[in-house]
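Undergrad: Residue numbers (my numbering): 140 to 418. Positions of the beta carbon are idealized from the N, C-alpha and C atoms, including for glycine.
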Amino acid sequence: MFNYKKRTLDFLEIEWGTYVERFNRWPKEDGIKRVNDQGYQQLRDMLAHVLAWWDEGMEIILAIAEKREYARKKYDFDAFNANAIAKYRTWDEQEFFAHFEKMRQKTVASLSSMNEAAWEDVRAQRWIHAVFIDHAREHLVALSRFLALDTLQNEWATYIEKFNQIEDKDGFVKKQGVETFHDLLAHVIGWWEECARMVNGILYQPGFTWDDHQTDLFNVELTKKYSSWSFDDLLKHYETTRLAMIELVQKLPEHAFVNNDVESWLAADLVGHYDGHPL
140 MFNYKKRTLD
150 FLEIEWGTYV
160 ERFNRWPKED
170 GIKRVNDQGY
180 QQLRDMLAHV
190 LAWWDEGMEI
200 ILAIAEKREY
210 ARKKYDFDAF
220 NANAIAKYRT
230 WDEQEFFAHF
240 EKMRQKTVAS
250 LSSMNEAAWE
260 DVRAQRWIHA
270 VFIDHAREHL
280 VALSRFLALD
290 TLQNEWATYI
300 EKFNQIEDKD
310 GFVKKQGVET
320 FHDLLAHVIG
330 WWEECARMVN
340 GILYQPGFTW
350 DDHQTDLFNV
360 ELTKKYSSWS
370 FDDLLKHYET
380 TRLAMIELVQ
390 KLPEHAFVNN
400 DVESWLAADL
410 VGHYDGHPL
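In structure tokens, the structure reads:
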């Protein structure tokens with residue numbers, strides 16, 4: 140469980156630790172639009188929501204670690220989130236962001252000292268994953284190299300294994316809007332390959348241009364492209380392409396993550412796409 144513990148602490152230290160700084164690299168109007176698209180008026184409102192779930196999650200995680208009873212709740216999510224925002228409404232902005240950083244550091248310290256057995260508890264893992272890992276992908280407003288690599292190295296790396304473990308495979312596939320798991324993997328691979336083409340073109344090919352895809356038609360093209368491939372060959376190509384995307388992200392210059400077009404392609408196809416077909 141050391142790796143899971145390290146991954147969680149890395150999310151708090153690297154992803155959440157640089158969250159505000161990365162957001163502030165965008166022009167003000169661009170940043171506001173990104174937060175508005177998340178359903179919030181300003182960044183501090185969204186982070187108030189994040190803090191509230193950290194508080195809620197840590198209360199339960201530590202209770203599990205210390206073998207204490209904790210209240211089982213049915214959440215009214217809209218009310219919970221509204222209360223979180225209202226709690227900090229009168230706070231000075233500088234005071235709020237200092238508080239966010241203080242609570243981040245406190246959370247790191249609490250989790251670092253938590254007994255190792257708690258990291259093995261499925262209930263604790265569910266809360267840890269929800270409030271520290273999944274939450275970062277859900278509220279992606281400024282992609283980091285860390286988050287792109289983590290999604291490739293953890294979520295996409297275990298995607299096929301997780302699919303093989305679910306009972307209602309046909310039901311899952313139908314919810315994804317495809318006929319077979321083969322088609323779904325072809326769809327994922329094809330968008331990764333297109334993402335790589337776009338990123339390399341934008342960064343390294345002067346005068347590079349492209350037309351936006353009609354998504355449904357492009358998805359049909361991808362299914363046809365790989366329709367004659369055996370499932371075993373497709374699985375191998377999935378893994379080869381995943382590793383190629385990791386190498387691409389690792390080698391990207393830092394300025395790529397503040398290029399709106401590059402960042403949009405990476406965020407959509409590496410991170411957002413996973414949550415579009417979650418397992």
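Determine the DSSP secondary structure at W230, reduced to helix, strand or coil.
TA: Three-state result, W230: coil.
Undergrad: Does DSSP put D371 in a helix, in a strand, or in coil?
TA: In this structure, D371 counts as helix in the three-state DSSP scheme.
Undergrad: Excluding the five sequence neighbours on either side, which residues of its own chain have a C-beta within less than 6 angstroms of the C-beta of V272, listed in chain order?
TA: The residue you asked about is not Val; residue 272 is Ile in the sequence shown. Cβ within range, chain order: F150.
Undergrad: Could you check what DSSP says for Y143 in three-state terms: helix, strand or coil?
TA: Y143: helix per DSSP, three-state reduction.
Undergrad: Check this for me: beta carbons of R161 and A281, under 7 angstroms apart or not?
TA: Closer than 7 angstroms, so yes.
Undergrad: Out of curiosity, what's the CA-to-CA distance linking G310 and L323?
TA: Near 13 angstroms, if we compare the C-alpha coordinates of L323 and G310.
Undergrad: Looking only at its chain, what residues have a beta carbon closer than 8 angstroms to the beta carbon of M140, apart from the 5 residues adjacent to it on each side?
TA: Bear in mind that the predicted position of M140 carries a pLDDT of just 46, short of 50, making it unreliable; the figure below should be weighed with that in mind. E255, W258 and E259, listed in sequence order.
Undergrad: Is the region 336–343 close to the region 390–404, with three or more CB pairs under 8 angstroms?
TA: Judged by Cβ distances under 8 angstroms, the region 336–343 makes contact with the region 390–404, as three or more pairs qualify.
Undergrad: Measuring straight from C-alpha to C-alpha, what distance separates W192 and F347?
TA: Looking at the two C-alpha atoms, the distance is approximately 43 angstroms.
Undergrad: So within the region 148–182, which uninterrupted alpha helix (DSSP H) runs reach at least 4 residues, ignoring any that extend past its ends?
TA: Those alpha helix (DSSP H) runs which fall completely within the region 148–182 and span 4+ residues are 158–162 and 167–176.
Undergrad: How far does the alpha helix (DSSP H) with H412 in it reach, from first residue to last?
TA: From DSSP, the alpha helix (DSSP H) with H412 extends over H412 to G415.
Undergrad: Could you name the residues of the same chain whose beta carbon sits closer than 8 angstroms to that of N220, not counting the 5 residues immediately before and after it, in chain order?
TA: Once the five neighbours on either side are set aside, the close Cβ partners of N220 are H188 and A191.
Undergrad: Note down, in chain order, each residue of its chain lying with its Cβ closer than 8 angstroms to the Cβ of A225, except the 5 sequence neighbours on either side.
TA: Excluding sequence neighbours, A225 sits near nothing in its chain.
Undergrad: Contact check, V312 vs T319 under 8 angstroms by CB: the rounded distance?
TA: With 8 angstroms as the limit, V312 and T319 qualify as a contact, their Cβ atoms being about 6 angstroms apart.
Undergrad: Among the candidates G178, M337 and Y209, whose CA atom is the shortest distance from the CA of S403?
TA: The shortest C-alpha separation from S403 is found at M337.
Undergrad: Quick check on the DSSP output: the alpha helix (DSSP H) that includes K213 runs from which residue to which?
TA: Run containing K213: none; DSSP gives neither H nor E here.
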